[in-house]
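Reviewing the structure listed below.
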Amino acid sequence: QQQVKQSPQSLIVQKGGISIINCAYENTAFDYFPWYQQFPGKGPALLIAIRPDVSEKKEGRFTISFNKSAKQFSLHIMDSQPGDSATYFCAARENYGGSQGNLIFGKGTKLSVKP
Amino acid sequence: DAGVTQSPTHLIKTRGQQVTLRCSPKSGHDTVSWYQQALGQGPQFIFQYYEEEERQRGNFPDRFSGHQFPNYSSELNVNALLLGDSALYLCASRSLGEQYFGPGTRLTVT
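These protein sequence lines are chains A and B, in that order.
In case it helps, my numbering puts the first sequence at residues 615 to 729.
In case it helps, my numbering puts the second sequence at residues 159 to 268.
Right under this line is the structure:
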């Protein structure tokens, strides 16, 4: 059973456009939702993260929107650049009674930004 | 400040062999987790070490084992390698907060 569902699988955006990647989850025990960026041959790099008591978080061109009631969250990349071309993973972490659990990842979205 | 480092970068093993992968966490981090990332997939949690003990474990067989040393560095051991064990093995470290990943070790089993 896939606990974090990510869509789309791939995305092509023109330079300067907005890239939007969506994730949905079922487990209400999740308490932390990070997004990671991964380039080929590299490990995932933390991009931005949000907790469920906040509906939106913005860092530079990257914004997370969080809808707790719908159990959905999304990543928006404004003014997308060719250098943003990478695979993006959403993830969720379960809270074990105050102890931090492991990360559960979505299957990833391969983003290509065309010049 | 060095981030998470892993060694080796890549290696090739034969079915049935054993392999040991190594990880040094980011400075100040005391918790190390290991993930397996198959080609085209998201990372899958293997286990987590804190205070030299395995604290959490994902859905991986006992062929996967680990160790954490007093300096917080860690090893991942895989016995009786299968073709399906071919993947990128990622180490991640944290201390109370965000989890940071190393570059990974690419394991190919032939």
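From the three backbone atoms N, C-alpha and C, an ideal C-beta is built for every residue, glycine too.
Given the structure is predicted, the values throughout are model-derived calculations rather than measurements.
Closest residue to residue i among the options (Cα-Cα distance)
{"i": "A/Phe680", "options": "A/Leu725, A/Gly655, A/Phe644", "result": "A/Phe644"}
{"i": "B/Phe218", "options": "B/Pro166, B/Tyr230, B/Val236", "result": "B/Val236"}
{"i": "A/Leu660", "options": "A/Phe676, A/Leu725, A/Val668", "result": "A/Phe676"}
{"i": "A/Leu595", "options": "A/Asn709, A/Asn716, A/Ile718, A/Pro696", "result": "No statement about residue 595 of chain A is possible, as the shown extent of chain A runs from 615 to 729 and does not include it."}
{"i": "B/Val210", "options": "B/Ser223, B/Ser232, B/Cys181", "result": "According to the sequence displayed, residue 210 of chain B carries Glu and not Val. The shortest Cα separation from B/Glu210 among B/Ser223, B/Ser232, B/Cys181 belongs to B/Ser232."}
{"i": "B/Glu212", "options": "B/Gly174, B/Thr189, B/Gln195", "result": "B/Thr189"}
{"i": "A/Tyr650", "options": "A/Gly715, A/Lys728, A/Ile691, A/Glu670", "result": "A/Ile691"}
{"i": "B/Ala245", "options": "B/Phe227, B/Gln199, B/Ser165, B/Ser223", "result": "B/Gln199"}
{"i": "B/His168", "options": "B/Ala160, B/Ser253, B/Arg180", "result": "B/Arg180"}
{"i": "B/Phe227", "options": "B/Tyr207, B/Gln214, B/Arg215", "result": "B/Tyr207"}
Per DSSP, the bridge partner or partners of residue i
{"i": "A/Asn681", "result": "A/Gln686"}
{"i": "B/Val267", "result": "B/Lys171"}
{"i": "B/Ala196", "result": "Beta-bridge pairing links B/Ala196 to no other residue."}
{"i": "A/Ile718", "result": "A/Ala706"}
{"i": "B/Asn235", "result": "B/Thr178, B/Ser223"}
{"i": "A/Gln620", "result": "A/Cys637"}
{"i": "A/Ile691", "result": "A/Ser633, A/Phe676"}
Proximal residues to residue i (C-beta, below 6 angstroms), its chain only, five neighbours per side dropped
{"i": "A/Phe647", "result": "Ile664, Phe687, Ala706"}
{"i": "A/Ser624", "result": "Lys724"}
{"i": "B/Gln257", "result": "Ala250"}
{"i": "A/Lys721", "result": "Gln620"}
{"i": "B/Ser253", "result": "Gly186, His187, Asp188"}
{"i": "B/Gln175", "result": "Leu239"}
Sequence-distant residues of the same chain with beta carbon closer than 8 angstroms to residue i, five excluded per side
{"i": "B/Lys171", "result": "Val177, Leu239, Leu265, Thr266, Val267, Thr268"}
Cβ-based neighbour list, residue i, same chain, cut-off 7 angstroms, excluding 5 preceding and 5 following
{"i": "A/Lys685", "result": "Ala638, Tyr639, Glu640"}
{"i": "A/Pro622", "result": "Thr723"}
Threshold first: 3 residues or longer. Then list the beta strand (DSSP E) segments lying entirely within the region 629-683 of chain A, N to C. If only uninterrupted beta strand (DSSP E) runs of at least 3 residues are considered, those enclosed by the region 629-683 of chain A are 633-639, 644-652, 659-664, 670-673, 676-681.
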